Amino acid sequence: MADRAAKSGTQSFSRIKGTQDILPADMPQRHLLEETIGAVMGRYGYREIRTPVFESTELFQRSVGAATDIVNKEMYSFEDQGGKSLTLRPELTAPVVRAYLQNNLGKELPLTRLYYLGDLFRQERPQKGRHRQFGQFGAEALGSPYPEQDVEIIALAWELCRAVVPEGLDLRLNSLGNPEARQAYLALLKQALAPHAAAMGDRDRQRLETNPLRLFDTKDPDTQALLDEYAPLISDNISDEDQDHFGAVKAGLDSLGIAYEHDKKLVRGLDYYSRTTFEITSAALGAQDAVCGGGRYDGLVAELGGPATPAVGFAAGIERLLLAAGEAFRLAAEQPGLDVYLAVIGDGPRAKAPSMAGALREQGVSVMLETLRRSLKAQLREANRSGARYTVILGEDELAKGVCTVKDMADGGQQEVGLEALAVRFAELLAS
RNA sequence: GUGGGCGUAGCUCAGCUUGGUUAGAGCACCUGGUUGUGGCCCAGGAGGUCGUGGGUUCAAGUCCCAUCGCUCACCCCA
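The opening residue of the first sequence carries number 770 in the working numbering; numbering runs sequentially from there.
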């Protein structure tokens, strides 16, 4: 198609790779999801915040981690006219923290609960459940170092995901300890695995050097076996305080009746996590099965120039959740159909129709008006297709008599109604 | 960046193995069966340079090469 257009001298355009057109048929479920998010967040006392789609490139380099793939090769960065490097946001925690600091939200209250919803941009190869522009929502609680705050965030994430995907979700959590303990652990891990590096694939051997924690993500069964055999686990190598914290988080989830698995191999990609990390996955998805991820990031606020502030948060993927939700959620989101299709025949009625439609709409009645000058037969077909409950027919005969014909599309019955009384009549009819 | 699968009507897809009349089906769309009456049914119609370019051949949707696009997976992540 594009080529044909190019040949004929005009140009046609197509979507940029990894982006998506969200068509009218897809919107109801999106709206329902957004309503659900707002409602549940509200019940937990979280308030919405929106930040710009682009930020200073440095913000992400500092927060996400200069060594991560996101920063290294996945950011959409560009220079503005003043030569400043800007980046389309690849995640939202850093921008939210930036806004929290810049607007002094932390000075107003000792604890700030925020939620967000928006599109992110990462230049990755698209696949099932992964796009270059994609939606995420999430929450951040800034100010509390205590495990009950971790529990609240996890419970909130779990409740929201379950509201959309009632079945097939799994919650896994782990503790990464504090940064100092993690450094010591990483050295221990490297030491333990170094003698077996030769047995690993190229990629995993590389990771052992650059980012040993990520080895736990490997899909290579041989490496997995090596890990099971020789690797010390991070949750066994954290401080007593961190152990206590993690124990309290688990106890809190237990008391809420939330089932989880302590996955000792769960590590998460972003540099800023500390202590609790968690992930919610769906069995209904493909390789990209994480619908939600989060954890504690006690060091990030200070890293971004603010006062030392403990924080916990999560982020969930809109497209992945909808994908996992499947047809049931789509059906639940179905919108009610049209109230009235206004069919007209002839010049007089056609001229009269817009003001009639206006009067109906003023009464809260939804009205679609024929603008194609089609035959009555075609107009009724259109009315049927659009799901209208009633079709109002206005022809020259009716107009002369000051009435119109109201047809009930369900049973086909019709009656004449005076034009003057029409709007009020419909308001009553549809209210009953 | 690497690998697999797929590009034929608006949509979902047959046809390709074994090249050969005018390239098909279902759904959707339009018209008629009803001088102004939907759904169901019946009859008819419109819609395609078979992703694009090149090659082989008397002949290519079908075989070969290249290229673009989509998709799944690796990597990484929500």
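Note that the Cβ used here is the ideal one computed from N, Cα and C, for glycine as well.
Owing to the predicted nature of the structure, the values given are computational and were not obtained by experimental measurement.
{"Asked": "CB-CB length for Leu977 against Leu995, believed under 8 Å", "Found": "Going by Cβ atoms, the distance from Leu977 to Leu995 rounds to 10 Å, so no, they are not a contact pair."}
{"Asked": "Helix, strand or coil at Tyr999 [DSSP, three-state]", "Found": "helix"}
{"Asked": "Spatially closest choice to Met969 from Ala1200, Leu957, Asn947 and Gln993, by CA coordinates", "Found": "Gln993"}
{"Asked": "Alpha-carbon spacing of Ala953 relative to Arg784, whole angstroms", "Found": "47 Å"}
{"Asked": "N- and C-terminal bounds of the beta strand (DSSP E) containing Glu1048", "Found": "Ser1043 to Ser1051"}
{"Asked": "Assigned secondary structure, Lys786 (DSSP; H/G/I helix, E/B strand, else coil)", "Found": "coil"}
{"Asked": "Exposure of Gln871, with buried meaning 16 or more beta-carbon neighbours within 10 Å", "Found": "exposed"}
{"Asked": "Proximity below 8 Å, CB of Arg941 to CB of Asp1032", "Found": "yes"}
{"Asked": "Rounded C-alpha distance that separates Gln1104 from Val865", "Found": "33 Å"}
{"Asked": "For Gly851, the nearest candidate out of Met844, Thr862 and Ser825 (CA to CA)", "Found": "Ser825"}
{"Asked": "Continuous alpha helix (DSSP H) stretch holding Ala1016: start and end", "Found": "The sequence shown places Gly at residue 1016, not Ala. That run of the alpha helix (DSSP H) goes Asp1009 to Leu1025."}
{"Asked": "Per-residue burial, Gln830 [other beta carbons within 10 Å of its own, 16 or more giving buried]", "Found": "buried"}
{"Asked": "Secondary structure, beta strand (DSSP E): runs of 3+ residues fully inside the segment 782-846", "Found": "823-825"}
{"Asked": "Cβ shell of Ser1008 (< 8 Å), same chain only, five flanking positions each side left out", "Found": "Gly946, Asn947 and Ala950"}
{"Asked": "Same chain, Cβ closer than 8 Å to Ser1201, neighbours up to 5 away in sequence not counted", "Found": "none"}
{"Asked": "Which residues DSSP lists as bridging Leu911, in chain order", "Found": "Thr881 and Ala1080"}
{"Asked": "Bridge-paired residues (DSSP) for Lys1176", "Found": "Thr1160 and Gln1183"}
{"Asked": "Residues near Asn1225 by beta carbon distance below 8 Å, same chain, minus five either side", "Found": "Because the chain here runs from 770 to 1201, residue 1225 falls outside it and cannot be looked at."}
{"Asked": "Outcome for Arg901 when other beta-carbon atoms lying within 10 angstroms are tallied against a minimum of 16", "Found": "buried"}
{"Asked": "Helix, strand or coil at Val865 according to DSSP, with G and I counted as helix", "Found": "helix"}
{"Asked": "Closest Cα partner of Arg812 within the set Asp849, Leu1188 and Leu883", "Found": "Leu883"}
{"Asked": "Euclidean distance between Cα positions of Arg1143 and Glu909", "Found": "55 Å"}
{"Asked": "Residue environment, Lys769, which counts as buried when at least 16 other CB atoms sit within 10 Å", "Found": "Outside the shown range of the chain, which is 770 to 1201, sits residue 769, and nothing can be said about it."}
{"Asked": "7 Å Cβ shell around Ser913 - same chain, five flanking residues per side excluded", "Found": "Leu880 and Pro1079"}
{"Asked": "Burial state of Lys1019 (16 or more Cβ within 10 Å)", "Found": "buried"}
{"Asked": "Ile1162 versus Ala1112 - alpha carbon distance", "Found": "5 Å"}
{"Asked": "Close-in-space but distant-in-sequence residues of the same chain around Gly1164 (CB under 7 Å, 5 per side omitted)", "Found": "Ile1114, Gly1115 and Pro1118"}
{"Asked": "Residues that Gly1063 bridges to, as DSSP identifies them", "Found": "Phe1047 and Phe1083"}
{"Asked": "Residue closest to Asp1067, alpha-carbon to alpha-carbon, out of Ile1087, Ser1051, Leu1199 and Ser1043", "Found": "Ser1043"}
{"Asked": "Residue of Tyr1110, Val1186, Leu1138 and Glu1131 minimising C-alpha distance to Ala1120", "Found": "Leu1138"}
{"Asked": "The segment 1088-1097 touching the segment 1145-1155, judged by at least three CB pairs closer than 8 Å", "Found": "no"}
{"Asked": "Cβ pair Val1060, Gly1026 closer than 8 Å", "Found": "no"}
{"Asked": "Backbone secondary structure at Leu1202 - three-state DSSP", "Found": "Lying before the first or after the last residue shown, residue 1202 is absent from the chain, which here runs from 770 to 1201."}
{"Asked": "Sequence-distant residues of its chain with Cβ nearer than 7 Å to Thr987 (five each side left out)", "Found": "Asp973 and Gln993"}
{"Asked": "Rounded straight-line distance, which links the Cα of Gln975 to that of Ala966", "Found": "9 Å"}
{"Asked": "Beta-carbon proximity of Leu1199 to Val1134, cut-off 8 Å", "Found": "yes"}
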